[in-house]
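Worksheet for the structure shown next.
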Amino acid sequence: MDRIVKAPTSFHMDGAVILTMPLVARYLPPVEQEPETIVVNLDEDYKAPVGNQTLCELVMERRHWPQGATCATQEADGGVLYWDAPVDVVEEGRKVAGKHGMMAEIGLKHQVDAWYADMDETRLATDWNTAVITPHCLLLSYLDVLQKNKVPFDEGVQLAAEWVKQLGGEFREDTEEAPEAEASVLSLGRATAHCFKPYPDTKNFYYEA
């Protein structure tokens with residue numbers, strides 16, 4: 139094990155550290171490839187190209203919200219980080235975060251998940267350096283889309299229920315607050331919305347948060 143740990147490392151003055159592990163290969167099954175090489179550029183900060191979506195839209199595409207996460211932000215390399223810290227703490231950190239990203243402001247202990255929107259072509263949201271996305275943002279954004287598109291009520295409730303469940307949220311019929319109305323409750327994180335069929339003469343999806 140000592141020999142593995144002490145595998146040679148070379149430093150190049152042009153700003154890259156080359157880590158080689160030839161000794162590790164001795165203890166692995168035979169392969170035809172060269173020993174693993176990791177190149178880390180110390181001079182340049184990698185920034186993914188900016189796409190055409192907001193961070194909320196980008197996170198909605200994932201259809202997953204990590205358990206325990208209070209909010210999400212995006213780093214310059216395109217990675218979306220999910221935090222369990224209070225939202226106001228993350229919002230303050232987002233305001234002052236420099237090129238080193240949010241980790242320096244919030245701390246590794248508060249990160250509950252990380253995700254790259256597209257591993258082959260990672261992209262930044264248009265508001266990546268300011269946006270802090272919460273379950274409340276996601277839930278209302280999706281329900282707004284259904285309502286603005288005048289989706290039929292039954293179809294809208296079904297779509298919303300499937301979407302919320304995919305993100306780890308809950309869906310149930312509301313038999314307590316509005317037993318006489320057709321109402322359903324959608325919950326994601328601490329965000330809750332009630333879906334109503336508002337009037338007898340309309341069949342469109344409608345909700346209140």
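Using the numbering used here, you'd call the opening residue of the sequence shown number 139 and step up by one each time.
Cβ atoms here follow ideal geometry from the backbone N, Cα and C, with glycine treated the same way.
query                                                                                   : result
Rounded separation between K237 and A214 - CA only                                      : 8 Å
Alpha carbon of G266 to alpha carbon of K233, nearest angstrom                          : According to the sequence shown, residue 266 is Trp rather than Gly. For W266 and K233, the distance between alpha carbons rounds to 12 Å.
Residue of V225, D292 and M240 minimising C-alpha distance to C275                      : V225
Residue closest to V302, alpha-carbon to alpha-carbon, out of L277, D312, V283 and D282 : L277
Given G245 as reference, the closest of C194, K341 and V228 once Cα atoms are compared  : V228
Cβ shell of T268 (< 7 Å), same chain only, five flanking positions each side left out   : R232
D251, enclosing beta strand (DSSP E) - first and last residue                           : Q249 to Y254
Buried or exposed (CB count within 10 angstroms, at least 16 for buried), G327          : buried
Helix, strand or coil at P290 [DSSP, three-state]                                       : strand
Reduced DSSP secondary structure (H/G/I, E/B, other) of G217                            : strand
Counterpart residues of T208 in DSSP-defined beta bridges                               : In the DSSP output, where bridge partners are listed per residue, T208 has none listed.
Same chain only: Cβ atoms within 8 Å of G306, ignoring 5 sequence neighbours per side   : H202, W203, P204, Q205 and L326
Exposure label - Q304; buried when at least 16 CB within 10 Å                           : exposed
Integer Cβ distance of A351 from L219, believed to fall under 8 Å                       : The question about residue 351 has no answer here: the residues shown for the chain are numbered 139 through 347.
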